[in-house]
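Chains as they are written, first to last, in this note's numbering: chain X, 356 to 866; chain S, 76 to 180. Note that beta-carbon positions come from the ideal geometry of N, C-alpha and C, so glycine has one too. Here the structure is a predicted model, which is why all the values come from computation and not from measurement.
Have a look at this one:
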């Protein structure tokens, strides 16, 4: 069945690999950084210092150089159709490196994590590993590569979630994350095997052309789409694959929660867009469906369920982290709306919203960490009267929450506006979908505004005796995030342009 | 009778579908964390059988490669999973997922 390659073939394979390496520099650089962090951790073991986080931030920032260089390279497939370099991939490279840097910053801010964990060495290495995995998720165009990169992100995320081994909640979160993650990965791989059976290909562009050429059985394709959506839906945390997210978000160390809610979710969206846009396009003559139902219909159902469920259940949450977990389920719904529009406008809106979500969600968690350093809890009741004691944190949190609701003049407003207008640009078919989005945003106003209400208008029940300030670094970082949230709400042109350039995906034929 | 004597693609797919069903059943009904992880292994192996069967019948190499990677990653996942389960056992003195539920809304 298989024959050995000849010498000339091996030579050409080696040559192809060598050209591929030139397109793979950021990933190689980050892998070296990952190993370097482990070695440095071994060398400084037992000494409390800030060397590791500093090295991680500098190292991650250094990767911008290599990513920037990739703008000059031509978009194309590398490594025999396993991996791709295009505007879409470069966008997510920047995105994940920034989210990694912010994750390290908020980890340094978290007293609970640093006090209770004996060794923080592997922690930073794992964050870098997750950055690599997420970058690969956004750039892979082969079912095998998609599976491998999702597992890389998943396995590191399980460990990070359970990083506080002494804390029952952290371990419980890790167990739930692991169980749901393993099951959904299993379902996804089974779906991949069905796709492979139909087409005999694993590269998504070849799958697409094979499907267009020979057609397929709609029932099998429906089953495969559903199974694969279980894998992707778990990563983005959308209903009905959301069961893990409230417990994991509450149990995990807060920096990890913030990182998962932004990074892992964005990676899920990247892979979902690439897979469904490229491999199984919707509509068109050769693409059959069952009675008008295909993956787009599934996505519409999931988006509506996520928006309604996330926003409604968040209403009676007492724990701020848990509330933000439900809010992130709802945001998965909004982001899916941009994908449902299925054109360059929708992709641009989704990418822009992801950027805004990075700023406002990490910012919100940043302040939650600073406040929990002081009060020792994340309960809504303990936020009473904090607005006067911590003016900067209070103001910043209010801005981030206003942005999460989607009110002007913040980046969240522009993001929602772009997503809804992308839906409306499709004509009258999706007006009701945009309407549901707007109405559920109104619901979300209530639970988000409970936090500023407690902070500013209610008096603290027990006055805090220690005036614990927080470091100048964190003050500056929070202020920068707050100002950027407001700034991009007013002057959004650079971000929208960047998102528009980045919405070009290799092999997409839909728009 | 011919269906029984000649083993074709359908035989493999049936086995894999059964295995998938058993795995899903185990995951959904069992309470023990380790048994749930075993159910996941069944699901992954069902996918492996699919890949190998399709690979055998369409003559491609990708399915074989894919199933090798699935085996490796299943092992990695089991390693991480068992580490987490051991830690859970140290804290809760149980690996019953229905009792490990301290966080409520």
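By the DSSP assignment, the beta strand (DSSP E) with residue 432(X) in it spans what residues? As a first step, residue 432(X) must be located in the first chain, where it is residue number 77. Start and end: 431 to 433.
Proximity below 9 Å, CB of residue 528(X) to CB of residue 178(S): Looking up residue 528(X) in the first chain gives position 173. Looking up residue 178(S) in the second chain gives position 103. Contact: yes.
Quick one: residues in its chain with C-beta nearer than 8 Å to the C-beta of residue 768(X), no 5 flanking neighbours on either side, listed in chain order? Counted from its first residue, the first chain places residue 768(X) at position 413. Around residue 768(X): 758, 761, 762 and 844.
Run the CB neighbour count on residue 673(X), radius 10 Å, all protein chains shown included, and call it buried at 16 or more, exposed below. For the purposes of this step, residue 673(X) is taken as residue 318 along the first chain, with counting starting at 1. Result: exposed.
Chain S partners of residue 557(X), CB-CB under 9 Å? Within the first chain, numbered from 1, the residue matching residue 557(X) stands at position 202. Those within 9 Å of residue 557(X) in chain S are 135, 137, 138, 140 and 141.
Which residues in chain X have a C-beta closer than 8 Å to the C-beta of residue 89(S)? List them in chain order. The residue you call residue 89(S) lines up with position 14 of the second chain. The premise fails here: residue 89(S) is roughly 13 Å from chain X at the closest Cβ pair, so nothing lies under 8 Å.
So, residue 676(X) versus residue 605(X), is the Cβ gap smaller than 9 Å? Walking along the first chain from the start, residue 676(X) turns up at place 321. Walking along the first chain from the start, residue 605(X) turns up at place 250. Closer than 9 Å, so yes.
One question on the structure: do residue 458(X) and residue 618(X) come within less than 9 Å of each other, judged by their Cβ atoms? As a working note, residue 458(X) is residue 103 in the first chain. As a working note, residue 618(X) is residue 263 in the first chain. Yes, Cβ-Cβ distance for residue 458(X) and residue 618(X) is below 9 Å.
Check whether the segment 846 to 860 of chain X and the segment 701 to 718 of chain X are in contact - that is, three or more C-beta pairs closer than 8 Å. yes
Could you list which residues in chain X have their beta carbon closer than 8 Å to that of residue 144(S), in chain order? For the purposes of this step, residue 144(S) is identified with residue 69 of the second chain, where counting begins at 1. Correct list: 499, 502 and 503.
Provide the residue span of the beta strand (DSSP E) that contains residue 438(X), from first to last. Looking up residue 438(X) in the first chain gives position 83. From DSSP, the beta strand (DSSP E) with residue 438(X) extends over 438 to 440.
For chain X, check one thing: does any of its Cβ atoms lie closer than 9 Å to the Cβ of residue 119(S)? For the purposes of this step, residue 119(S) is identified with residue 44 of the second chain, where counting begins at 1. Interface residue, yes.
Quick one: residues in its chain with C-beta nearer than 8 Å to the C-beta of residue 804(X), no 5 flanking neighbours on either side, listed in chain order? Indexing the first chain from 1 puts residue 804(X) at position 449. The answer, listed in chain order, is 756 and 760.
Specify whether the segment 569 to 581 of chain X and the segment 118 to 133 of chain S touch according to this definition: at least 3 beta carbon pairs, one from each stretch, less than 8 Å apart. no
Could you tell me the boundaries of the alpha helix (DSSP H) in which residue 107(S) lies? As a first step, residue 107(S) must be located in the second chain, where it is residue number 32. Neither: residue 107(S) is in no alpha helix (DSSP H) and is coded neither H nor E.
Spatial distance of residue 448(X) from residue 385(X) (CA atoms): By 1-based counting over the first chain, the position of residue 448(X) is 93. By 1-based counting over the first chain, the position of residue 385(X) is 30. Near 11 Å, if we compare the C-alpha coordinates of residue 385(X) and residue 448(X).
For a contact defined as C-beta to C-beta under 8 Å, what are the partners of residue 923(X) on chain S? Any question about residue 923(X) goes unanswered here, given that chain X covers just 356 to 866.
Report the CB separation of residue 90(S) from residue 124(S) in whole angstroms; it is logged as a contact under 8 Å. Within the second chain, the letter at position 15 stands for residue 90(S). Within the second chain, the letter at position 49 stands for residue 124(S). Residue 90(S) to residue 124(S), Cβ: 6 Å. Contact.
Between which two residues does the alpha helix (DSSP H) containing residue 473(X) stretch? For the purposes of this step, residue 473(X) is taken as the residue at position 118 of the first chain. Looking at the DSSP string, residue 473(X) is not in any alpha helix (DSSP H), and its letter there is neither H nor E.
DSSP state of residue 815(X) mapped onto helix, strand, coil: Stepping through the first chain from its first residue, residue 815(X) is reached at position 460. Residue 815(X): coil per DSSP, three-state reduction.
Under three-state DSSP, which class holds residue 648(X)? Here the question's residue 648(X) lines up with position 293 in the first chain. Correct three-state label for residue 648(X): strand.
For residue 661(X) and residue 669(X), which I take to be in contact (beta-carbon distance under 8 Å), what is that distance rounded to the nearest angstrom? To locate residue 661(X), count along the first chain from 1; it is residue 306. To locate residue 669(X), count along the first chain from 1; it is residue 314. The Cβ separation is near 12 Å, so there is no contact.
Chain X beta carbons: is any one of them nearer than 9 Å to that of residue 162(S)? Position 87 of the second chain, counted from the start, is the residue given in the question as residue 162(S). Yes, residue 162(S) lies at the interface with chain X (some Cβ there is under 9 Å from its Cβ).
Should the segment 491 to 506 of chain X be called in touch with the segment 433 to 441 of chain X, which here means at least 3 C-beta pairs below 8 Å? yes
Would you grab the beta carbon distance between residue 754(X) and residue 841(X) for me? Rounded to a whole angstrom, and I think it's under 8 Å. Numbered from its first residue, the first chain carries residue 754(X) at position 399. Numbered from its first residue, the first chain carries residue 841(X) at position 486. The Cβ separation is near 6 Å, so the contact holds.
Test item: CB-CB of residue 479(X) and residue 584(X) under 9 Å: By one-based count along the first chain, residue 479(X) stands at place 124. By one-based count along the first chain, residue 584(X) stands at place 229. For residue 479(X) and residue 584(X), no; Cβs fall outside 9 Å.
Neighbourhood of residue 799(X) by C-beta, 6 Å cutoff - its chain only, sequence neighbours within 5 removed: Start at 1 with the first residue of the first chain, and residue 799(X) comes out as number 444. 666 and 760.
Assign residue 787(X) to one of two classes, buried (16 or more other C-beta atoms within 10 Å of its C-beta) or exposed (fewer than that). Looking up residue 787(X) in the first chain gives position 432. Its Cβ having fewer than 16 others within 10 Å, residue 787(X) is exposed.
Can you tell me whether DSSP reads residue 81(S) as helix, strand or coil? The sequence position of residue 81(S) within the second chain is 6, counting from 1. The answer is coil: DSSP assigns residue 81(S) none of H, G, I, E or B.
Contact set between residue 849(X) and chain S, taken where Cβ atoms lie within less than 8 Å: Here residue 849(X) corresponds to residue number 494 of the first chain, with the count starting at 1. Near residue 849(X) there are no residues of chain S at all, since even the closest Cβ is about 40 Å away, more than 8 Å.
Three-state class that DSSP yields for residue 683(X) in the structure shown: Taking the first residue of the first chain as position 1, residue 683(X) is located at position 328. It is helical.
Test item: CB-CB of residue 562(X) and residue 625(X) under 9 Å: As a working note, residue 562(X) is residue 207 in the first chain. As a working note, residue 625(X) is residue 270 in the first chain. No. Outside cutoff.
Test: residue 753(X) CB closer than 9 Å to a CB of chain S: Numbered from 1 along the first chain, position 398 holds the residue referred to as residue 753(X). Residue 753(X) does not count as touching chain S.
List, in order along the chain, the chain X residues whose C-beta lies closer than 8 Å to that of residue 177(S)? Residue numbering aside, residue 177(S) sits at position 102 when the second chain is read from its first letter. Those are 523, 524 and 527, listed as they occur along chain X.
Can you tell me which of the three DSSP states residue 171(S) falls into? For the purposes of this step, residue 171(S) is taken as the residue at position 96 of the second chain. Of the three classes helix, strand and coil, the one that applies to residue 171(S) here is strand, per DSSP.
Alpha carbon to alpha carbon, how far is residue 713(X) from residue 547(X)? Walking along the first chain from the start, residue 713(X) turns up at place 358. Walking along the first chain from the start, residue 547(X) turns up at place 192. Near 30 Å, if we compare the C-alpha coordinates of residue 547(X) and residue 713(X).
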